[in-house]
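Chains as they are written, first to last, in our numbering: chain A, 5 to 299; chain B, 2 to 250.
A virtual CB, placed ideally from N, CA and C, is assigned to each residue, including glycine.
Structure, as structure tokens:
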Amino acid sequence: MTTRGPGPADSLEPSPPRDRGSKMLGGRAVLVSSLSTILFFAVIAAIVVLAPGSEIVAERFFDPFHLRQSFLGTESEPSVVGAFLLNVYIFTISEVFILILALVIAVVRGIPGPIFFPFRMVAIAYTDLFRGIPLILVLYIIGFGVPGLGLAGLSYLSDVTYGIIALVLVYSAYVAEVYRAGIESVHESQNAAARSLGLSRWQSLRFVILPQAIRRVIPPLLNDFIGLQKDTALVSVLGSIEAARAAQIYGASQFNYASYVVAALLFVLITIPLARFTDRLIARDKRRRQAGAVA
Amino acid sequence: MNGPALSLEGVRKSFGENEVLRGIDLVVEPHEVVCLIGASGSGKSTLLKCVNLTEPVDSGRIVVEGEEITAEGVNVNRVRRKIGIVFQAFNLFPHMTVLQNITLAPREVLKMDRKAAEGRASELLERFGLLDKRDEYPDRLSGGQQQRAAIVRALAMRPSVMLLDEVTSALDPELVAEVLGVIRGLAEEGMTMLIATHEMGFARDIANRVCFLEAGTILEQGPPERIFTSPENPRTRRFLQRIIAAGRL
């Protein structure tokens, strides 16, 4: 067996329980897990196929012709994959701004001293407000409210831009809390050590506290971004034709909903890599902590 | 340098109702090594924290090389450069290599360029037998190595006074000697040090002067041979008897 991880226990003796576990997985366990998997999916397939409306559903949602046509688009209906590029655009831009704005809010919330009281209050009010309002309402308020103001620089932007602004406002409130949890998880003695060397409060934050805090919150942060990727679909309420909206247009004119399946698959497809990446980071962190605890 | 390296005059400090320092007067001359001994809770660590300005004093004055650091409007960051402190729990920065730990403050506070800062760091690391660890992260080091790295980190700022707060208390017994050896080396080079310690044998060996603290006051001070062999204050005597009974001296 060569699957043992590094660790001091290895040098003492080979670990027999783990070896036994691996052997079992090599023999009977594989058989059992395969059987249960087959049975599990067979039951689900049976339920779906035997359902009274299964033929209609298959035709409406999984028709190969419509799957292909909605994917590519027609002369009168937008391509779902083409529209999905707008989702990618929206969350890529949003993520950058969220990372920055949320960090500013989290840092402002942590500045001590009576002079900064109003700033702290603003930061707290901000997170309370935007975590409380449903995203779709923020989209309506920003998307229809700001243009109504008639302000020179702000009121004549595209729907997509208002959508991005709304997403950034709402998600920054969440991500700021994630950052804050990370900052508070760094032990005060780290700050004391930095300050004792003559580093200013800001230098300590920048070089000592934040690098450790951000490393710790990367997994929950990526989790929020997975949520964001899906919520880009809501921007369609402002009129932008992104994947979900394009699928709806196709469905409405062709009376076939294969377009929804295509859109759903596209969202899943882009989420899985991020989800796996998050898992890997969590696993790496766990390994590191264990290595640290051993040393 | 004329005058004392460090002097405390009537320093008082309370945490809420609890008065931890009740009027400390202490003078440390340049190149002098002063050890603070006393039971846990006697105020040793708080005294060091006040000198480092980690804790503001309630009243009294602290003067470092002629400058009153407890005065209003003193630039805390500038004062702290002159005062190195090493903590019981090392407090290395875990996300930085040993070298980065050591060069951070010289580069960011003293604005040294990278090459000069790394050169100085490497010199110090070599002297303390850690040169081969310069690119390791702290969690790959033994406790003794971490504490030596923390001492190097403080020394890299070329402080005029070093404060050591129970620097061997978190170490396994077999690692204590290597850290004490480093401190002994510093003393021989003439570093001014104020050391809070439970290692009585070490204090006896290294200190020019030993101060016995109890309940926030210095009850007795003097050369180690006198304090450890014929203490005048009955409470000092009792404390040392307990230490001897526990086999720590």
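At the 9 Å Cβ level, is D23 of chain A part of the contact set with chain B, yes or no? Annotation note: pLDDT 48 at D23 of chain A (below 50); position unreliable, no value reported.
Candidates B:G39, B:T198, B:L100, of which the one nearest T218 of chain B by Cα: B:G39
List, in chain order, every chain C residue whose beta-carbon is nearer than 9 Å to that of F88 of chain B. No chain C appears in this structure, whose protein chains are A and B.
In or out: I187 of chain A buried (at least 16 other Cβ within 10 Å) or exposed? buried
Put R205 of chain A into one of helix, strand or coil per three-state DSSP. helix
For the putative contact between V164 of chain A and V239 of chain A, defined by C-beta atoms under 8 Å, what is the C-beta separation to the nearest angstrom? 7 Å
Please tell me whether L285 of chain A has its Cβ less than 9 Å away from any Cβ of chain B. no
R249 of chain A at chain B interface by Cβ criterion, 9 Å: no
Reference T198 of chain B; option with closest CA among B:E18, B:A155, B:A171: Selection B:E18, B:A155, B:A171 evaluated against T198 of chain B yields B:A171 as nearest (Cα-Cα).
Along the alpha helix (DSSP H) that carries G86 of chain A, what are the first and last residues, could you check? 84-114
Quick one: any contact between the region 85-96 of chain B and the region 155-162 of chain B, if contact means 3 or more CB pairs under 8 Å? Contact between the region 85-96 of chain B and the region 155-162 of chain B is present, because at least three Cβ pairs lie under 8 Å.
Thinking C-beta only, is T104 of chain B closer than 9 Å to L115 of chain B? Checking the sequence, you will find Arg at residue 115 of chain B rather than Leu. For R115 of chain B and T104 of chain B, yes; Cβs fall inside 9 Å.
Could you round the C-beta distance between R1 of chain A and R113 of chain A to whole angstroms and report it? I think they count as a contact, below 8 Å. Not covered by the structure: residue 1 of chain A. The range shown for chain A is 5 to 299.
Please state whether the Cβ-Cβ distance between L143 of chain A and A247 of chain A is less than 9 Å. no
Since A156 of chain A and S189 of chain A are thought to touch, with beta carbons under 8 Å apart, how far apart are those beta carbons, to the nearest angstrom? Here A156 of chain A is actually not in contact with S189 of chain A; their C-beta atoms are around 44 Å apart, not less than 8 Å.
Establish whether the CB of R79 of chain B and some CB of chain A are separated by less than 9 Å. yes
DSSP beta-bridge partners of V35 of chain B: B:L195, B:R210
Only counting runs of 3 or more residues, tell me where the beta strand (DSSP E) segments fall wholly within the region 58-90 of chain B, in order along the chain. Counting only runs of 3 or more, we get 60-65, 84-87.
Element boundaries [alpha helix (DSSP H), containing E20 of chain B]: Per DSSP, E20 of chain B belongs to no alpha helix (DSSP H); it is in the beta strand (DSSP E), 19-29.
Taking only beta-carbon atoms, is V111 of chain A less than 9 Å away from chain B? So no, V111 of chain A is outside the interface.
Put P151 of chain A into one of helix, strand or coil per three-state DSSP. The answer is helix: DSSP assigns P151 of chain A an H, G or I state.
Verify whether the separation of the beta carbon atoms of L285 of chain A and F88 of chain A is less than 9 Å. Inclusion of L285 of chain A and F88 of chain A in the CB contact set at 9 Å is not warranted, their separation being larger than that value.
Note down, in chain order, all residues in the region 108-134 of chain B with a beta-carbon under 9 Å from any beta-carbon belonging to chain A. E109, V110, L111
Beta strand (DSSP E) segment containing F16 of chain B, residue limits: 7-16
For N53 of chain B, return the contacting residues in chain A, with the cut-off set at a CB-CB distance below 8 Å. S200
Integer Cβ distance of V12 of chain B from C36 of chain B, believed to fall under 8 Å: With a Cβ gap of about 18 Å, V12 of chain B and C36 of chain B do not count as contacting.
Beta-bridge partners of I219 of chain B, as assigned by DSSP: Here I219 of chain B is bridged, per DSSP, to B:L214.
Whose C-alpha, out of B:N53, B:V28, B:S46, B:P5, is nearest the C-alpha of G202 of chain A? B:N53
Using beta carbons (cut-off 9 Å, strictly below), is L203 of chain A in contact with chain B? yes
Which runs of the alpha helix (DSSP H) fall wholly inside the region 170-205 of chain A and span at least 4 residues, in chain order? 192-200
Close Cβ partners of R149 of chain B (< 8 Å) along its chain, the five nearest in sequence each way excluded: F129, G130, L131, E179, V180, V183
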